[in-house]
Amino acid sequence: MYAFNYHRPDTLEAAAAALAAAEDGRVMAGGQTLIPTLKQRLASPSDVVDLATVPGLGGVRREGDAIVVGAMVRHAEVAASAEVRAAIPALASLADGIGDPQVRNCGTIGGSIVNADPAADYPAAVVGLGATVRTDRRTIVGDDFFTGLFETALDEGEIVVSVSFPVPRRAAYVKFPNPASRYAVVGVMVADTASGIRVAVTGAGDSVFRVGAMETALAGNFSADAIRNVAVSQDALNEDIHASAEYRAHLVGVMARRAVAAAAG
Amino acid sequence: MSVNVSMNVNGRAVCGEVEDRTLLVEFLRENLRLTGTHVGCDTSQCGACVVHVDGRSVKACTMLAVQAEGAEVTTIEGLAQDGKLHPMQEAFRENHGLQCGFCTPGMVMSALDLVERNPDPSSAEVREWLEGNLCRCTGYHNIVKSILAGASAMRGGS
Chain A
16 MYAFNYHRPD TLEAAAAALA AAEDGRVMAG GQTLIPTLKQ RLASPSDVVD LATVPGLGGV
76 RREGDAIVVG AMVRHAEVAA SAEVRAAIPA LASLADGIGD PQVRNCGTIG GSIVNADPAA
136 DYPAAVVGLG ATVRTDRRTI VGDDFFTGLF ETALDEGEIV VSVSFPVPRR AAYVKFPNPA
196 SRYAVVGVMV ADTASGIRVA VTGAGDSVFR VGAMETALAG NFSADAIRNV AVSQDALNED
256 IHASAEYRAH LVGVMARRAV AAAAG
Chain B
313 MSVNVSMNVN GRAVCGEVED RTLLVEFLRE NLRLTGTHVG CDTSQCGACV VHVDGRSVKA
373 CTMLAVQAEG AEVTTIEGLA QDGKLHPMQE AFRENHGLQC GFCTPGMVMS ALDLVERNPD
433 PSSAEVREWL EGNLCRCTGY HNIVKSILAG ASAMRGGS
């Protein structure tokens, strides 16, 4: 790990100021991706700004028809939250399937979505449940948040404060996990929401994406059979030692059908 | 840049000078000479470095020492009391839950976090919980047996 200057600001404004003053600053949330990245010297920030002591970034609460999760809420907290389990069990179970217990004890929702790993689970929840992301500057619609491989709509120095998930009528997330890392080879969130059916896929492409043809088919008939014949193109899907693009395209269909069956059941 | 950190480790207030980039596991092993916490993979995968920070099991190779400022840290050395092994340690010994022993401190610390949340886990729940702990010798069978026995002993069972 290259040397850096560590900051532990006590306010959001101080965190933003530390980032702005840094030559090449990085925010640290739970550190579960950032620290391994630093150790491998894949990143060499001049400054690391830890949000651990910034107030207002924690807590899970119900606000009207939505569950609001603070950016620094750890995966284990989301998984165990009575509020989340009652309102959006699919979100609790998604959080419970990330990495391993020690990663879930440190990793945060804010850190996960800002990193925008193509195989991360939370992007499927943000897009699949039609969430909105609140930052220290504005509110970003979930559909607009992820813009590409490890890329988001955040501006330089912008800090995520919370994520608001509208409570769906029913939803389920099913993934085909990489057996070693538990990252999603393919993961699909299917949700029946006030704004319609949403099907969001993570792990398969550069970034999370929706499958419009499945959403249309499910709107008429919310059953696994309704999407049995919806083909997903393998064009532009990820290909690596774990799975070919063709296999990933196939898995999108399988995971989506399982998710629909789980949500409908 | 170097910085002073202070925390409570195994019930003892400790402090030391570290670099901003010093990992918690380096601070424990090199500054405090608590070498029971092992570095296996150094890539956040094997779990040999698991310790408790404020009651939660974490990988000490994936946390900076400065992040543990002011925290309550428990390492494998903090379990035995007055020369008597903790029931979970005793269970690993009784059930031959180790061969080379390298992964054992992490296994024990991880198991204690599980039992804290779920005092009576099933064998399947133990196996699932050990997702973040790798053992290259035992095939896990006796580790699972040890954890079930340790959990039982902690509940006051035989």
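Chains as they are written, first to last, in the working numbering: chain A, 16 to 280; chain B, 313 to 470. Backbone N, C-alpha and C fix where the C-beta goes; we use that ideal spot for every residue, glycine too. Predicted model only: the values in this text are computed from it and were never measured.
- Distances from the CA of A/ARG184 to each of A/GLY143, A/ASP158, A/PHE165 were compared; the closest alpha carbon is that of A/GLY143.
- Between B/SER369 and chain A, the shortest Cβ-Cβ separation is below 8 Å.
- It is roughly 9 Å from the alpha-carbon of A/VAL275 to the alpha-carbon of A/VAL189.
- Comparing alpha-carbon positions, the option among A/GLY73, A/ALA44, A/PRO133 lying closest to A/VAL216 turns out to be A/PRO133.
- Around the beta-carbon of B/SER318, fewer than 16 other beta-carbon atoms lie within 10 Å, marking it exposed.
- Across the structure, B/GLY451 and B/TRP441 are spaced so that their CA atoms are roughly 15 Å apart.
- Inter-residue distance for A/VAL83 and B/CYS412 is about 46 Å (C-alpha atoms, whole angstroms).
- Not a single CB atom of chain A sits nearer than 8 Å to the CB of B/GLY348.
- Annotated three-state conformation of B/GLY418 is helix, per DSSP.
- Of all C-beta pairs linking the region 169-177 of chain A to the region 228-245 of chain A, fewer than three are shorter than 8 Å, placing the two stretches out of contact.
- The continuous stretches of alpha helix (DSSP H) do not include A/ALA18, and DSSP gives it neither H nor E.
- Looking at B/THR374, B/MET400, B/THR334, B/ARG324, the one whose alpha-carbon comes closest to that of B/SER422 is B/MET400.
- DSSP places B/HIS453 in the uninterrupted alpha helix (DSSP H) bounded by 453-466.
- Neighbours of B/GLY359 across chain A, judged by C-beta separation under 7 Å: GLN117.
- The continuous beta strand (DSSP E) containing B/ASN316 extends over residues 314-321.
- Cβ-Cβ distances below 6 Å link A/ALA37 to SER61, ASP62 in the same chain, with the five nearest sequence neighbours on each side left out; the list follows chain order.
- The shortest CA-to-CA distance from A/SER196 to any of A/THR147, A/ARG23, A/ILE113, A/GLY122 is the one to A/ILE113.
- Bridge pairing for B/HIS408: absent [DSSP].
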